[in-house]
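As you go down the protein sequences, you meet chains A and B in turn.
Converting from the first sequence to my numbering requires adding 44 to each position, the first position being numbered 1.
Converting from the second sequence to my numbering requires adding 78 to each position, the first position being numbered 1.
Cβ coordinates follow ideal geometry from the N, Cα and C atoms, glycine included.
The model shown is predicted, which means the values in this text are computed figures rather than measured ones.
I have placed the structure first, in the form of structure tokens, so that the comments after it can refer back to it.
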Amino acid sequence: MSDRHDDDAFVRNVAAHYTPPPMTASQRTRFDARLEERTQRGGLGARPWIAAAAVAAVAALFFLQSGGVAPVNQPTPIAHVDENDAALAESATPEEWIVAMGSTSIGDADDGLPVDYVAISDLLLAGE
Amino acid sequence: MQAFVTNFDDAVRNVDAARAEEFAAFVTAHRDRAVGMAWRLVGGDAAAAEDVAQEAFLKAHRGLASFRADAKLSTWFYRILVNEAQRHLRWRWVRQRVAGEMPEHPADPRPEPIGDPALRDRIAKSVGALPRGQREAFVLVHLEGFTLSEAAAITGRALGTIKSHLHRATGKLREALADLDPNAGATQ
């Protein structure tokens, strides 16, 4: 018998025992509904940092046009701040806020591992 | 000017609606296969398979504007799916090393796959133990029925590499799962 024929029989056995169950109608409906909700959410509202960056750019223009005077203890007029930036917004001067927003990497927040695991993964996966 | 804006807004809405309809049709056509393929790539975890398929469709939806028509849309999508499965496996690997073994999943209300669960787990572990290239080649060609050329296009590897991966993967699995090999006794 050829190797190819031997492989076919073995592969058929593996496939027969390693087959996912077919999706039920309710699973399909749930899957589609969840996907539709996520695709509709995928506009600007799903990325609050874009709105925050836009506001920071406007604040920078306003700051530059006002002559560069740094107000003391004035609240920073941030319209949309996600929870990660709330602490910064409370304590930062306008200059610090603008620098912080400018250094934020613009990328798909869903890509890659969570930030706290990226550094660990590089160490742990060094031998992969 | 107002008429132009209104007409433009209508045109954009029509394009958006047409795209949404096209995407929905694409999902309907490929959903079951995507979930099944993800299931085999991530080791038989039904919940993870659905998550991987969801992420792949989502990324495809976001990337449609940049899709180059020099490749088949389905090939492009399955490449995203394979990469998402690998991302999931890598994430699971890191979590297990940082936080210990994953807790057992609560009872899954979905229907159980057919066959012996212990054997299925053995196959899942054996397939999961293969290096990435061999695992993907074996699943895509032998379990999902893609041709060698299709598997090469999906994985972005050369045809010769796919053949080599497939040969090695099959050899390793025949050793690990000798009880599934009808010719195991005859070769000894």
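Pull up the distance between the alpha-carbon of Leu218 of chain B and that of Ala100 of chain A, whole angstroms please.
-> For the purposes of this step, residue 218 of chain B is taken as the residue at position 140 of the second sequence. For the purposes of this step, residue 100 of chain A is taken as the residue at position 56 of the first sequence. Approximately 48 Å between the Cα atoms of the pair.
Under 7 Å Cβ to Cβ from Lys241 of chain B, same chain only, skipping five residues before and after it: list those, please.
-> Within the second sequence, numbered from 1, the residue matching residue 241 of chain B stands at position 163. Around Lys241 of chain B: Leu226.
Going along the chain, which unbroken runs of the alpha helix (DSSP H) with 4 or more residues stay wholly within the stretch 206-243 of chain B?
-> 210-215 and 226-233
Comparing the C-beta of Ala60 of chain A with each C-beta of chain B, is any distance below 9 Å?
-> Working through the first sequence from its first residue, we reach residue 60 of chain A at position 16. Using a CB distance cut-off of 9 Å, Ala60 of chain A counts as an interface residue toward chain B.
Is the Cβ of Ala77 of chain A closer than 9 Å to any Cβ of chain B?
-> One-based indexing of the first sequence puts residue 77 of chain A at position 33. Not one chain B Cβ lies under 9 Å of Ala77 of chain A.
Do you know how far the Cα of Thr73 of chain A is from the Cα of Ala231 of chain B?
-> By 1-based counting over the second sequence, the position of residue 231 of chain B is 153. By 1-based counting over the first sequence, the position of residue 73 of chain A is 29. For Ala231 of chain B and Thr73 of chain A, the distance between alpha carbons rounds to 31 Å.
Give the DSSP-derived three-state secondary structure of Met115 of chain B in the structure shown.
-> Residue mapping note: residue 115 of chain B aligns to position 37 of the second sequence, counting from 1. Residue state, collapsed to three classes: helix.
Verify whether the separation of the beta carbon atoms of Gln164 of chain B and Leu119 of chain B is less than 9 Å.
-> For this step, residue 164 of chain B is matched to residue 86 along the second sequence. For this step, residue 119 of chain B is matched to residue 41 along the second sequence. Cβ distance < 9 Å, so Gln164 of chain B and Leu119 of chain B count as in contact.
Taking C-beta to C-beta, are Val205 of chain B and Gly121 of chain B nearer than 9 Å?
-> Along the second sequence, one-based indexing puts residue 205 of chain B at 127. Along the second sequence, one-based indexing puts residue 121 of chain B at 43. Yes, the pair counts as a contact, with Cβ atoms nearer than the cut-off.
Kindly list, in the order they appear in chain A, the residues whose Cβ is closer than 7 Å to that of Thr233 of chain B.
-> Mapped onto the second sequence, residue 233 of chain B falls at position 155. Simply none; closest approach about 17 Å.
Residues of the stretch 121-142 of chain B whose Cβ lies closer than 9 Å to any Cβ of chain A, in chain order = Gly122, Ala124, Ala127, Glu128, Ala131, Gln132, Glu133, Phe135, Leu136, Lys137, His139 and Arg140
Please report how far the alpha carbon of Val55 of chain A lies from the alpha carbon of Leu244 of chain B, in whole angstroms.
-> For the purposes of this step, residue 55 of chain A is taken as the residue at position 11 of the first sequence. For the purposes of this step, residue 244 of chain B is taken as the residue at position 166 of the second sequence. Each residue's alpha carbon lies about 11 Å from the other.
Note down the Cα distance separating Ala116 of chain B from Phe145 of chain B, rounded to an integer number of angstroms.
-> Position 38 of the second sequence, counted from the first residue, corresponds to residue 116 of chain B. Position 67 of the second sequence, counted from the first residue, corresponds to residue 145 of chain B. C-alpha separation (whole angstroms): 22 Å.
Using a Cβ-Cβ cut-off of 9 Å, state whether Phe107 of chain A counts as contacting chain B.
-> For the purposes of this step, residue 107 of chain A is identified with residue 63 of the first sequence, where counting begins at 1. Answer no: the Cβ-Cβ gap between Phe107 of chain A and chain B never drops below 9 Å.
For the stretch 200-211 of chain B, which residues have a CB atom closer than 8 Å to at least one CB atom of chain A, in sequence order?
-> Ile201, Ala202 and Val205
Can a CB atom of chain A be found closer than 9 Å to the CB of Ala102 of chain B?
-> As a first step, residue 102 of chain B must be located in the second sequence, where it is residue number 24. Ala102 of chain B belongs to the set of residues whose beta carbon lies under 9 Å from a beta carbon in chain A.
His139 of chain B versus Pro64 of chain A - alpha carbon distance | Here residue 139 of chain B is taken as the residue at index 61 of the second sequence, counted from 1. Here residue 64 of chain A is taken as the residue at index 20 of the first sequence, counted from 1. For His139 of chain B and Pro64 of chain A, the distance between alpha carbons rounds to 25 Å.
Interface partners of Ala100 of chain A on chain B, CB under 8 Å | As a position in the first sequence, residue 100 of chain A is number 56, starting the count at 1. Near Ala100 of chain A there are no residues of chain B at all, since even the closest Cβ is about 24 Å away, more than 8 Å.
Look at Phe75 of chain A and Val113 of chain B and say whether their C-beta atoms are less than 9 Å apart.
-> Looking up residue 75 of chain A in the first sequence gives position 31. Looking up residue 113 of chain B in the second sequence gives position 35. Cβ atoms of Phe75 of chain A and Val113 of chain B: closer than 9 Å.
Under 6 Å Cβ to Cβ from Ser201 of chain B, same chain only, skipping five residues before and after it: list those, please.
-> The residue given as residue 201 of chain B occupies position 123 in the second sequence. A small correction: the amino acid at residue 201 of chain B is Ile; Ser does not occupy that position in the sequence shown. So no residue of the chain qualifies.
Can Tyr62 of chain A be considered in contact with the ligand GTP, in the sense that its beta carbon sits closer than 8 Å to one or more heavy atoms?
-> The model depicted lacks the ligand GTP and carries no ligand whatsoever.
Neighbourhood of Ala256 of chain B by C-beta, 8 Å cutoff - its chain only, sequence neighbours within 5 removed | Taking the first residue of the second sequence as 1, we reach residue 256 of chain B at position 178. Hits under 8 Å: Ala262.
N- and C-terminal bounds of the alpha helix (DSSP H) containing Phe135 of chain B | As a working note, residue 135 of chain B is residue 57 in the second sequence. Taken as a continuous stretch (DSSP letters only), the alpha helix (DSSP H) holding Phe135 of chain B covers Ala124 to Gly141.
Chain B partners of Ala53 of chain A, CB-CB under 8 Å?
-> Along the first sequence, read from residue 1 onward, the residue named residue 53 of chain A stands at position 9. Chain B residues near Ala53 of chain A: Asp259, Pro260 and Asn261.
How would you call Leu251 of chain B, buried or exposed, if buried means at least 16 neighbouring beta carbons within 10 angstroms?
-> Here residue 251 of chain B refers to the residue found at position 173 when the second sequence is read from its first residue. Result: buried.
Does the beta-carbon distance from Leu79 of chain A to Val90 of chain B come in below 9 Å?
-> As a position in the first sequence, residue 79 of chain A is number 35, starting the count at 1. As a position in the second sequence, residue 90 of chain B is number 12, starting the count at 1. Against a cut-off of 9 Å, the Cβ pair of Val90 of chain B and Leu79 of chain A comes out as no contact.
Could you tell me whether any Cβ in chain A is nearer than 9 Å to the Cβ of Gln266 of chain B?
-> Indexing the second sequence from 1 puts residue 266 of chain B at position 188. In this predicted model, Gln266 of chain B has a pLDDT of only 44, less than 50, meaning its place in the structure is not dependable; the value taken from the coordinates is given anyway. For Gln266 of chain B, the answer is no, since every Cβ of chain A falls outside 9 Å of its Cβ.
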